[in-house]
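Novice:
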Amino acid sequence: MKDFLKITLKHPQDVPKLREKIWDLESVNEVREHDIPFYRRYLIDNGLFPMNMLEVQGKCLKSTRASLENKTCIFEMKTQPTPLESDLPELKVLSFDIEACNPKGMPLEREDPIIMISFSSNQGFRKVFSTKDSSFDFAELVHDERELLKKFVETIKSENPDLILGYNSDVFDFPYIRDRAAKLSVPLELGVDGSSLKFMRRGFTNAAVIKGRVNIDLYPNMRRYLQLDRYTLERVYKELFGENKIDIPGDEIYSCWEDGGEKLEKLFEYSLEDAIAVTEIGEKMLPLSMELTRIVGQPLFDVARMATGQQVEWYLIKKAFEYDEVVPNKPSSSQHSQRRGRSIVGGYVKDPVKGLHDNIVSFDFQSLYPSIIISKNISPDSLMDNCTEEDCYISPEIGHKFRKEPVGFVPSVIGKVLQERLRIKSIMTHSTDTRERQILNVQQEALKRLANSMYGVYGFTLFRWYSLECADAITAWGREFIKKTMKKAEEFNFKPIYADTDGFYATYTGSIGNKIDNTDLNKEN
DNA sequence: GTGAACCGGGG
DNA sequence: GTGTACGGTTCAC
7 MKDFLKITLK HPQDVPKLRE KIWDLESVNE VREHDIPFYR RYLIDNGLFP
57 MNMLEVQGKC LKSTRASLEN KTCIFEMKTQ PTPLESDLPE LKVLSFDIEA
107 CNPKGMPLER EDPIIMISFS SNQGFRKVFS TKDSSFDFAE LVHDERELLK
157 KFVETIKSEN PDLILGYNSD VFDFPYIRDR AAKLSVPLEL GVDGSSLKFM
207 RRGFTNAAVI KGRVNIDLYP NMRRYLQLDR YTLERVYKEL FGENKIDIPG
257 DEIYSCWEDG GEKLEKLFEY SLEDAIAVTE IGEKMLPLSM ELTRIVGQPL
307 FDVARMATGQ QVEWYLIKKA FEYDEVVPNK PSSSQHSQRR GRSIVGGYVK
357 DPVKGLHDNI VSFDFQSLYP SIIISKNISP DSLMDNCTEE DCYISPEIGH
407 KFRKEPVGFV PSVIGKVLQE RLRIKSIMTH STDTRERQIL NVQQEALKRL
457 ANSMYGVYGF TLFRWYSLEC ADAITAWGRE FIKKTMKKAE EFNFKPIYAD
507 TDGFYATYTG SIGNKIDNTD LNKEN
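7 is the number of the first residue of the first sequence in the numbering used here; add one for each residue after it.
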């Protein structure tokens with residue numbers, strides 16, 4: 007227990023000013039929660055969850071979106087949704103892709119005009135604007151690049167999407183469009199209120215911001231959701247749909263454009279296919295992002311750009327407010343490098359026995375680390391210096407002690423997440439409605455992701471809840487559990503041939519006819 | 001061995 | 001905008 011003084015200010019801009027002033031005061035130990043952006047603070051303090059519907063006496067509480075006409079609002083509601091309420095009205099999604107080329111390599115904003123812009127919406131809209139003519143079905147000829155850019159703005163205005171999707175569009179398409187439009191003095195009034203395209207600095211990259219529409223760059227999302235060697239649009243598309251889309255290697259685009267004829271037709275087709283692929287990938291992946299948005303309680307725009315660890319962190323920040331906990335600070339740069347200097351021992355890995363094996367069985371723990379966090383009450387607020395085995399769980403190898411009571415902040419949050427997941431899974435198994443089952447499945451997936459990423463908040467040096475002791479204790483128990491399980495399996499004639507962290511493969515050396523009593527093999531948690 | 005530079009995706 | 005944030009590999013010394 008610590009004493010805190012809560013200071014409320016009238017204007018967000020006063021926060022950094024006051025922060026600087028009180029930091030050095032002798033009576034001040036630490037200043038907390040001084041770096042939560044205003045709009046996030048607002049969502050947290052008011053218990054609002056984006057991407058949920060809110061209807062107040064048949065009217066929208068907020069009116070930034072065009073869906074006013076429908077008398078529904080895609081906005082916040084005061085409580086977390088129940089599964090059935092979360093079936094939102096369909097959002098209009100518009101994807102786009104631009105083409106530009108340079109004989110020597112990547113096109114340069116200063117020299118190379120945009121030659122094509124393709125659109126695809128989730129409601130069947132398809133179009134390729136280009137400064138060259140084509141007999142391609144969806145092609146529309148424009149006079150020059152200036153008109154091309156104007157068509158870009160007009161199309162977004164007339165299609166009026168809720169979501170705008172691109173692939174690497176934060177880094178390539180939008181900045182390229184911005185620079186060309188600046189050169190040709192075309193105003194990029196893309197917002198629902200006619201406001202201009204803006205860029206927000208986010209770390210080492212920018213994000214394109216359009217008022218009233220959620221711009222999502224699918225590229226960083228795909229890096230998070232899929233485990234691939236490369237993340238080109240083609241590779242990702244193949245992974246998700248098992249089909250090849252037409253691809254034109256980058257260095258051939260220039261000749262397609264210059265030579266014309268069939269090669270130019272193919273370029274039109276390729277460009278539109280890219281936009282369509284983005285729509286399809288979006289339709290497949292967005293439900294999960296939306297679900298995470300609802301759970302994490304921060305805007306889709308932000309959540310779609312957060313690494314999983316950050317999503318977990320913001321979820322915990324939201325929960326901290328509910329639990330009356332004060333959020334720990336981000337590490338200073340010196341704290342960060344200090345943390346990086348001390349390494350955490352990872353999971354147990356047994357090098358694979360070389361060769362071809364028959365009768366392979368795989369064992370794995372379900373949510374090993376989350377279960378350990380809960381069952382051993384691993385939380386910074388449960389960590390004790392002196393404690394007996396009676397009152398504390400004591401970790402193997404390193405002997406960190408965690409009191410059994412009361413339940414710590416993080417274990418409590420994970421517990422609720424897993425509980426909610428089980429609840430949804432059980433409704434899902436009993437549901438006969440396919441659509442409902444799909445929605446519920448995405449929801450339980452999102453919760454699973456969140457729970458499984460929770461370990462990271464202790465182990466990743468940049469995070470607010472970083473704790474070497476907690477991270478070390480989790481992996482230590484993890485190693486103990488898997489080794490014990492492997493030993494147990496050996497008693498039943500399984501010979502482990504490879505193990506990694508939360509699971510192992512074994513060959514069965516007994517006779518196949520023998521009955522295996524798998525209750526004895528059940529995992530320890 | 002160390003620190004800086006570079007890269008991802010995009011055409 | 002209560003912000004300014006990656007992580008891994010390669011290269012030059």
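In this text, a Cβ means the ideal position worked out from N, Cα and C, and glycines have one as well.
Quick check on the DSSP output: the alpha helix (DSSP H) that includes residue 227 runs from which residue to which?
Specialist: Within the first sequence, residue 227 is the residue found at index 221, counting from 1. From DSSP, the alpha helix (DSSP H) with residue 227 extends over 224 to 231.
Novice: If you reduce the DSSP assignment to three classes, tell me which class residue 335 lands in.
Specialist: On the first sequence, residue 335 is found 329 positions in, with the first residue counted as 1. Here residue 335 carries a coil assignment [DSSP, helix/strand/coil].
Novice: What is the C-beta distance between residue 353 and residue 171, in whole angstroms, given that I count them as a contact (C-beta under 8 Å)?
Specialist: Residue 353 sits at position 347 when you count from the first residue of the first sequence. Residue 171 sits at position 165 when you count from the first residue of the first sequence. With 8 Å as the limit, residue 353 and residue 171 do not qualify as a contact, their Cβ atoms being about 36 Å apart.
Novice: Decide if the stretch 212 to 221 is in contact with the stretch 243 to 255; the criterion is three or more beta carbon pairs, one per stretch, under 8 Å apart.
Specialist: These segments do not touch.
Novice: Can you tell me whether residue 423 is buried or exposed, with buried defined as 16 or more other CB within 10 angstroms of its CB?
Specialist: The count along the first sequence starts at 1 and reaches residue 423 at position 417. Flag for residue 423 reads buried.
Novice: Taking the C-alpha atoms as reference points, what is the distance between residue 12 and residue 53?
Specialist: Taking the first sequence and counting its residues from 1, one reaches residue 12 at position 6. Taking the first sequence and counting its residues from 1, one reaches residue 53 at position 47. If you take the alpha carbons of residue 12 and residue 53, they lie about 19 Å apart.
Novice: From 223, 511, 336 and 160, pick the residue whose C-alpha is nearest to that of residue 200; which is it?
Specialist: The count along the first sequence starts at 1 and reaches residue 200 at position 194. When only C-alpha atoms are compared, the closest one is 160.
Novice: Taking C-alpha atoms, which residue in 99, 203 and 504 lies nearest to residue 357?
Specialist: Numbered from 1 along the first sequence, position 351 holds the residue referred to as residue 357. Residue 357 has its Cα closest to that of 504, out of 99, 203 and 504.
Novice: My output table needs one value for residue 501: the three-state DSSP class, helix, strand or coil.
Specialist: As a working mapping, residue 501 is identified with position 495 in the first sequence. In this structure, residue 501 counts as strand in the three-state DSSP scheme.
Novice: Relative to the alpha-carbon of residue 379, which residue among 416, 23, 20 and 128 has its alpha-carbon at the smallest distance?
Specialist: Within the first sequence, the letter at position 373 stands for residue 379. Ranking the options by Cα distance to residue 379, first place goes to 416.
Novice: Need the endpoints of the beta strand (DSSP E) that residue 136 sits in, please.
Specialist: Taking the first sequence and counting its residues from 1, the one referred to as residue 136 is at position 130. Looking at the DSSP string, the run of the beta strand (DSSP E) that includes residue 136 is 132 to 136.
Novice: As a quick exercise: from 168, 109, 338 and 451, pick the residue whose alpha carbon is nearest that of residue 307.
Specialist: Taking the first sequence and counting its residues from 1, one reaches residue 307 at position 301. Of the listed residues, the one whose Cα sits closest to residue 307 is 168.
Novice: Using the rule of at least 16 other Cβ atoms within 10 Å of the residue's Cβ for burial, across every protein chain shown, is residue 203 buried or exposed?
Specialist: Numbered from 1 along the first sequence, position 197 holds the residue referred to as residue 203. Per the 10 Å Cβ criterion, buried.
Novice: In three-state DSSP terms, what is residue 175?
Specialist: Locating residue 175 in the first sequence gives position 169, where the first residue counts as 1. In the structure shown, residue 175 sits in coil (DSSP, three-state: anything other than H, G, I, E or B).
Novice: By the three-class DSSP mapping on this structure, what secondary structure does residue 74 have?
Specialist: Position 68 of the first sequence, counted from the start, is the residue given in the question as residue 74. Interpretation of residue 74 is limited by its pLDDT of 31, a score under 50 that renders its predicted location unreliable; the figure taken from the coordinates is listed afterwards. In the structure shown, residue 74 sits in a helix (DSSP, three-state: H, G or I).
Novice: So, does the stretch 121 to 132 touch the stretch 273 to 284, judging by three or more C-beta pairs under 8 Å?
Specialist: yes
Novice: Exposed or buried, which one is residue 235 when buried takes at least 16 other CB atoms within 10 Å?
Specialist: Counted from its first residue, the first sequence places residue 235 at position 229. With fewer than 16 other Cβ atoms within 10 Å, it is exposed.
Novice: Could you tell me the alpha carbon to alpha carbon distance between residue 338 and residue 207, rounded to whole angstroms?
Specialist: As a working mapping, residue 338 is identified with position 332 in the first sequence. As a working mapping, residue 207 is identified with position 201 in the first sequence. Looking at the two C-alpha atoms, the distance is approximately 20 Å.
Novice: Counting only the same chain and skipping the five closest in sequence on each side, list residues whose C-beta sits under 6 Å from that of residue 515.
Specialist: Within the first sequence, residue 515 is the residue found at index 509, counting from 1. For residue 515, where only same-chain residues beyond five positions count, the Cβ hits under 6 Å are 499 and 501.
Novice: What does DSSP give as the partner residue(s) for residue 182 in the beta ladder?
Specialist: Within the first sequence, residue 182 is the residue found at index 176, counting from 1. Residue pairing by DSSP places residue 182 in no beta bridge whatsoever.
Novice: Near residue 398, which residues of its chain fall below 8 Å by C-beta distance, leaving aside the five closest residues on each side in sequence?
Specialist: Reading the first sequence from its first residue, position 392 is the one you call residue 398. Here the set comprises 390, 407, 408, 409 and 410.
Novice: Of all the alpha helix (DSSP H) runs that stay within the bounds of the stretch 354 to 388, which reach a length of 4 or more residues?
Specialist: Within the stretch 354 to 388, the runs of alpha helix (DSSP H) that reach at least 4 residues and sit entirely inside it are, in chain order, 374 to 381.
Novice: Using C-beta distances below 8 Å, list every residue in its chain close to residue 446, excluding the 5 sequence neighbours before and after it, in chain order.
Specialist: As a working mapping, residue 446 is identified with position 440 in the first sequence. The answer, listed in chain order, is 89, 430, 431, 433, 434 and 437.
Novice: With DSSP as the reference, label residue 432 as helix, strand or coil.
Specialist: Here the question's residue 432 lines up with position 426 in the first sequence. Three-state result, residue 432: helix.
Novice: Cα separation between residue 284 and residue 23?
Specialist: As a position in the first sequence, residue 284 is number 278, starting the count at 1. As a position in the first sequence, residue 23 is number 17, starting the count at 1. Distance between the alpha carbons of residue 284 and residue 23: 44 Å.
Novice: Is it true that the CB of residue 495 sits closer than 8 Å to the CB of residue 369?
Specialist: Mapped onto the first sequence, residue 369 falls at position 363. Mapped onto the first sequence, residue 495 falls at position 489. For residue 369 and residue 495, yes; Cβs fall inside 8 Å.
Novice: Take residue 110 and list the residues in its own chain whose beta-carbon comes closer than 6 Å to its own, dropping the five residues that flank it on each side.
Specialist: Numbered from its first residue, the first sequence carries residue 110 at position 104. Excluding sequence neighbours, residue 110 sits near nothing in its chain.
Novice: State whether the stretch 141 to 157 contacts the stretch 295 to 306, with contact taken as three or more CB pairs (one from each stretch) at a distance under 8 Å.
Specialist: no
Novice: Please work out which residues of its chain come closer than 6 Å, Cβ to Cβ, to residue 486, disregarding the five sequence neighbours upstream and downstream, and give them in chain order.
Specialist: Taking the first sequence and counting its residues from 1, one reaches residue 486 at position 480. Contacts found: 402.
Novice: Measure the CB-CB distance between residue 302 and residue 321 and report whether it falls below 8 Å.
Specialist: What you label residue 302 is simply residue 296 of the first sequence in a count that begins at 1. What you label residue 321 is simply residue 315 of the first sequence in a count that begins at 1. Closer than 8 Å, so yes.
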